[in-house]
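A quick write-up on the structure given underneath.
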Amino acid sequence: MDLYEILNLKPNATKTEISSSYRKLAIKYHPDKNHGYEAEEWGKISKAYQILADDSSRFIYDYYGTIDNCKI
């Protein structure tokens, strides 16, 4: 799972771009708006944002190319 792809971002995205993309996707996929129909997609979006918004987790993800080594 490519975290940048999930958030519709390029790997060189800024923190502002990450936050902006997350907010746009949250409007569409957040469980409060969709009553659980998009729960799996929302889980991916949420995890991608948590990792990419944190400098250390993002560095680890970029270095290893996997979320398995990223701790939230």
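Residue numbers (our numbering): 2 to 73.
By construction, the Cβ of each residue, glycine as well, lies at the ideal position given by its N, Cα and C atoms.
Note that the structure is a prediction, hence the values are computed from the model and not measured.
Boundaries (first-last residue) of the alpha helix (DSSP H) holding residue i
i: Asp63; result: 56 to 65
i: Thr17; result: 16 to 30
i: Glu6; result: 4 to 7
Proximity below 8 Å, CB of residue i to CB of residue j
i: Leu10; j: Ile19; result: yes
i: Tyr23; j: Ala14; result: no
i: Ile46; j: Tyr30; result: yes
Inter-residue spacing [alpha-carbon to alpha-carbon] between residue i and residue j
i: Thr67; j: Ser21; result: 23 Å
i: Asp56; j: Asn35; result: 30 Å
i: Tyr48; j: Asp3; result: It should be pointed out that residue 48 corresponds to Lys in this sequence rather than to Tyr. Cα to Cα, the separation comes out at about 11 Å.
Close beta carbons around residue i, own chain, < 8 Å, minus the five adjacent residues each side
i: Glu42; result: Tyr30
Nonlocal neighbours in the same chain, by C-beta distance under 6 Å from residue i, ignoring five residues either side
i: Glu39; result: Tyr30
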